[in-house]
Each structure stands twice: as C-alpha cells, then as structure tokens.
Ligand SMILES: [Zn+2]
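In this note's numbering, the protein residues as written are 2 to 242.
In structure tokens, the structure reads:
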C-alpha cells in the first residue's frame, strides 16, 4: 500500500452489501489446481502442501467497467490485454497505512484512479489486492484468485497481493502473533497451490528487483512497505512451518 491512502477519501458510501453481493464465479481453472498436482513441481524452498486457512470472502465490486480498465492497464504496461491473472508466480506483501480493515476495503471498492509512481498521472483502475490480513488474524479475500489487481508496478500480471492492516512498519506485524500467524498460513497455502518459491515472496519495496518485473511504460515502484530485512524474517518463519 502507499502513503497516499492516508489522505485518500474513505468512500464509506460504497455499500458493503453491494461489495459482498458480487460473486463473479469466473475463477480460471488454473487458480484452483489441486494442491497434490502442484506439489509435484514444487521447488525445494516451497512448502509441499499446506492447508487452507479460514478465509472470509468480502469481495469488492469488480464490474465490467473495472475489468475493461484492468485489461487496458495490462495492455499498456504488460502488452497483455486481460483482467485475468491465472498463473501467479510471486506474492507481494504490503501494509495498509490505514487503521482498520473497513477503511482499506472501502478504498479498494471505490475504484478511484491512482497515480503510478512519482510524477505519473492518475490511471484506472483503482488499487486492490487479493487478501487483507487484519490485526486480529482474520483474513478477508477481496477478489477471486485468478483476477488481476492493481497492487504493485511491474508484476500485477504475475502476483498475488496481500495487505496487512498496519499504520507504519512491518516490524509491528511481525510482533503481532495472531496477524503474522494468519499471514504465514495464507502464504504457505498460496505457495502450495501455485508452486511459488519462497524467494518470490517479496515486499512491495523489493518489486523492482523481481525476476518477473516488466513495465512497458517505464514505471518503477517507489514504495517502502516491507523492507528486505523484514521479509527475510517473514520467510524464515515460513520455512519453520
Ligand atoms: Zn504496498
């Protein structure tokens, strides 16, 4: 997430009921590949199999207009005209820079155009991620797996985004047992589902160096959420199982 979310208008008028009512049911089959099949090609650094943690589905509206906006963005930045993301290869860790879950959910629901990086103009669609992990350990899913969210520059077409509710530092998340345990369980499960290597579990601040990074508009990330050392601590705990 980005600092600007602090000053962004929280559009509480977006009816939560409308968001929850959205059920696209359009998850590509690759997104639901059996863990057993995925496990056969899992690199050594990836958990071979992990159970799915409890997940609360609280989907944002992902309208036809938003799909068109996402596909147009994907064409400009990746030369792929699609709003689908069926083959994730990385997991991006963020924190919200907001005090609670509803504020970030409402922001994602609003689909407000957002800047890319310093100096670039606003573009659509607005930001979203796939999951938000609250301080109490509850995991809220924002969109079905297999849909693309605009959550990071350069890897939206290859990555699953996870936000942790936190105002200022991932160090606080690492010291919040229920939140970090939920995040670890979620990441382990996603790794086992999609054969994602632990080295591809990265912080937003590390995205420009990802082996999957590409942006045909020349954009680069300028965010600082989850430093390299904090991600190293998270990865170490991932491997502890
Ligand atoms: Zn971020």
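Cβ coordinates follow ideal geometry from the N, Cα and C atoms, glycine included.
The structure presented is a predicted model; accordingly, all values stated were derived computationally and were not measured.
Measure how close the beta-carbons of residue i and residue j come, nearest whole angstrom, since I'm counting them as under 8 Å.
{"i": "residue 138", "j": "residue 183", "result": "4 Å"}
{"i": "residue 203", "j": "residue 232", "result": "6 Å"}
{"i": "residue 195", "j": "residue 94", "result": "About 16 Å separates the two Cβ atoms, so there is no contact after all."}
{"i": "residue 1", "j": "residue 153", "result": "The chain is shown from 2 up to 242; residue 1 falls before or after that span and cannot be answered."}
{"i": "residue 51", "j": "residue 190", "result": "5 Å"}
{"i": "residue 217", "j": "residue 79", "result": "7 Å"}
For residue i, report the span of its alpha helix (DSSP H) as first-last.
{"i": "residue 93", "result": "Here residue 93 belongs to no alpha helix (DSSP H); instead the beta strand (DSSP E) covers 91 to 96."}
{"i": "residue 188", "result": "178 to 195"}
{"i": "residue 174", "result": "171 to 175"}
{"i": "residue 144", "result": "Residue 144 -> no alpha helix (DSSP H), and no H or E assigned at all."}
{"i": "residue 224", "result": "From DSSP, residue 224 is part of no alpha helix (DSSP H); its letter is neither H nor E."}
{"i": "residue 105", "result": "102 to 111"}
{"i": "residue 70", "result": "65 to 79"}
Going along the chain, which residues of its own chain have a beta-carbon closer than 7 Å to the beta-carbon of residue i, five neighbours each way excluded?
{"i": "residue 136", "result": "166, 177, 180"}
{"i": "residue 185", "result": "238, 239"}
{"i": "residue 54", "result": "140, 183, 186, 187, 190"}
{"i": "residue 114", "result": "123, 124, 125, 127"}
Taking the continuous beta strand (DSSP E) assigned at residue i, which residues delimit it?
{"i": "residue 165", "result": "160 to 165"}
{"i": "residue 219", "result": "Counting along the chain, residue 219 falls outside any beta strand (DSSP E), and DSSP gives it neither H nor E."}
{"i": "residue 132", "result": "132 to 134"}
{"i": "residue 232", "result": "It is not in any beta strand (DSSP E) - residue 232 instead sits in the alpha helix (DSSP H) that spans 229 to 241."}
{"i": "residue 202", "result": "202 to 204"}
Note down, in chain order, each residue of its chain lying with its Cβ closer than 8 Å to the Cβ of residue i, except the 5 sequence neighbours on either side.
{"i": "residue 252", "result": "It is not possible to answer for residue 252, since the shown part of the chain is limited to 2 through 242."}
{"i": "residue 143", "result": "59, 60, 61, 106, 109, 129, 130, 131, 132, 133, 150"}
{"i": "residue 228", "result": "171, 204, 206"}
{"i": "residue 201", "result": "90, 91, 92, 211, 212, 213"}
What do you get for residue i, buried or exposed, if any count of 16 or more other CB atoms within 10 angstroms of its CB means buried?
{"i": "residue 240", "result": "exposed"}
{"i": "residue 57", "result": "exposed"}
{"i": "residue 210", "result": "exposed"}
{"i": "residue 160", "result": "buried"}
{"i": "residue 219", "result": "exposed"}
{"i": "residue 96", "result": "buried"}
{"i": "residue 145", "result": "buried"}
Does the beta-carbon distance from residue i to residue j come in below 8 Å?
{"i": "residue 215", "j": "residue 92", "result": "no"}
{"i": "residue 89", "j": "residue 163", "result": "no"}
{"i": "residue 102", "j": "residue 63", "result": "no"}
{"i": "residue 100", "j": "residue 147", "result": "no"}
{"i": "residue 242", "j": "residue 208", "result": "no"}
For residue i, I'd like the list of residues in its chain whose CB is within less than 6 Å of its CB, leaving aside the five on either flank, ordered along the chain.
{"i": "residue 112", "result": "67, 126, 127"}
{"i": "residue 116", "result": "123"}
{"i": "residue 70", "result": "125, 126"}
{"i": "residue 173", "result": "167"}
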